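Each remark here refers to the structure printed beneath this line.
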């Protein structure tokens with residue numbers, strides 16, 4: 092799903108990360124059939140078409156196949172919620188007919204190399220839904236680090252551990268303010284409790300991990316169609332209640348398994364501002380208590396970082 096500035100983000104951020112060797116190319120080399128559908132508003136359809144032209148050139152042939160298409164659905168209102176809802180429900184329907192899972196990607200997300208391989212190979216059990224780890228980063232500082240990495244190492248893949256390091260250097264204020272090793276923090280409102288246990292390991296409680304790979308059922312479509320009429324966030328706020336009750340919910344709670352950095356523009360960051368509160372030392376509670384959020388409270392997620400400009404040999408003596 093992409094619109095406005097997200098169209099260019101597909102070209103510079105999302106697609107290059109998805110096309111790292113152990114993401115989509117790995118699936119194709121190992122016999123997976125991959126169907127990309129890029130959803131956008133009609134006003135942005137031509138722009139998206141121009142961005143996608145040539146974006147997948149050079150993909151190594153393999154037993155798997157790659158299909159790329161664009162969808163610009165007729166909507167009653169040109170609002171992001173309407174597009175997200177239409178895209179999700181439509182792709183779930185297509186997936187059920189094909190007997191395949193849906194992998195939800197975003198234009199503003201950078202995926203670590205190997206993340207797509209890991210979630211797809213683990214997620215081959217029909218019926219389950221997998222949630223993963225991510226964090227929101229400031230768009231411009233993150234892109235500067237990515238440019239610095241590319242200047243040093245060219246097209247060397249960005250591992251999950253190095254991506255974690257880039258992300259932690261550029262996190263939005265809400266994530267930084269979720270550190271619960273200090274008395275005053277925003278963790279109760281953000282739903283994330285952050286602690287550093289060593290120089291390279293950070294642990295977090297995520298009350299709202301986001302589902303990324305789903306084997307949808309007909310009951311899911313009826314549930315989402317009923318609840319998602321105004322708040323797309325029902326997908327990670329309410330739907331997990333059903334998935335937990337049905338024992339279908341899985342959380343990949345290690346960044347070595349899966350990690351993505353979600354880029355946030357200055358405008359987006361204003362929607363993720365939360366008050367800093369007193370007496371929240373070691374807080375692991377969230378203001379919204381549901382079965383799913385309380386279940387998540389029992390999962391200690393780990394972020395492992397490697398300095399993003401170390402360990403790889405520099406090229407040309409740079």
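In my numbering, the protein residues as written are 92 to 409. Glycine is no exception: its CB is placed at the ideal position from the N, C-alpha and C atoms. Computed from a prediction, not measured in an experiment: that's the story for all the values here.
Item	Value
Go ahead and label residue 114 buried or exposed: buried means 16 or more other beta carbons lie within 10 angstroms of its beta carbon, across all protein chains shown.	buried
Could you spell out the range, first to last residue, of the alpha helix (DSSP H) harbouring residue 355?	Note, residue 355: premise wrong, no alpha helix (DSSP H); beta strand (DSSP E) at 351-355.
So, are the CB atoms of residue 302 and residue 392 less than 8 Å apart?	no
Count the other CB atoms, across all protein chains shown, that sit within 10 Å of the CB of residue 256; report buried if there are 16 or more and exposed otherwise.	buried
Once you ignore the five residues that flank residue 136 on each side, which residues in its own chain have a CB closer than 7 Å to its CB?	161 and 163
Residue range of the alpha helix (DSSP H) that residue 135 falls in?	Residue 135 -> no alpha helix (DSSP H), and no H or E assigned at all.
Opposite residue 296 in the DSSP bridges: which residues?	284
If you check the beta carbons only, do residue 277 and residue 368 fall under 8 Å apart?	yes
Could you pull the DSSP bridge partners for residue 302 from this structure?	222
State the start and end residues of the unbroken beta strand (DSSP E) segment that holds residue 395.	392-395
Rounded to a whole number of angstroms, what is the C-alpha to C-alpha distance between residue 281 and residue 362?	12 Å
So if DSSP puts residue 208 in a beta bridge, which residue, or which two residues, is it bridged to?	In the DSSP output, where bridge partners are listed per residue, residue 208 has none listed.
Out of curiosity, what's the CA-to-CA distance linking residue 399 and residue 168?	42 Å
Write down the C-beta distance between residue 397 and residue 291 rounded to the nearest angstrom, noting that I regard them as a contact closer than 8 Å.	7 Å
Return the chain-ordered ranges of every alpha helix (DSSP H) run that is complete within the region 98-163 and spans a minimum of 4 residues.	106-109, 115-120 and 136-143
For the putative contact between residue 382 and residue 298, defined by C-beta atoms under 8 Å, what is the C-beta separation to the nearest angstrom?	The pair is not a contact, with the Cβ atoms about 12 Å apart (cut-off 8 Å).
Alpha carbon to alpha carbon, how far is residue 125 from residue 157? Give it in angstroms, no decimals.	5 Å
Mapping the DSSP letters down to three states, classify residue 348 as helix, strand or coil.	coil
Using DSSP with H/G/I as helix, E/B as strand and the rest coil, what is residue 193?	strand
Apply the 10 Å Cβ neighbour rule to residue 92 and answer buried if 16 or more other Cβ atoms are within range, or exposed otherwise.	buried
Quick one: residues in its chain with C-beta nearer than 7 Å to the C-beta of residue 307, no 5 flanking neighbours on either side, listed in chain order?	183, 186, 187 and 193
Three-state secondary structure (DSSP) at residue 276?	strand
Is it the case that the region 247-255 contacts the region 344-360, given that we only count it when at least three CB pairs across the two stretches are under 8 Å?	yes
Using only alpha-carbon positions, find the residue among 97, 344 and 372 that is nearest to residue 226.	344
If you follow the beta strand (DSSP E) that residue 341 is part of, which residue opens it and which one closes it?	340-342
Taking the DSSP output, what are the residues bridged to residue 202?	351
Look up residue 250 in the DSSP assignment and say whether it is helix, strand or coil.	strand
Going by alpha carbons, who is nearest to residue 165 out of 199, 239, 132 and 179?	132
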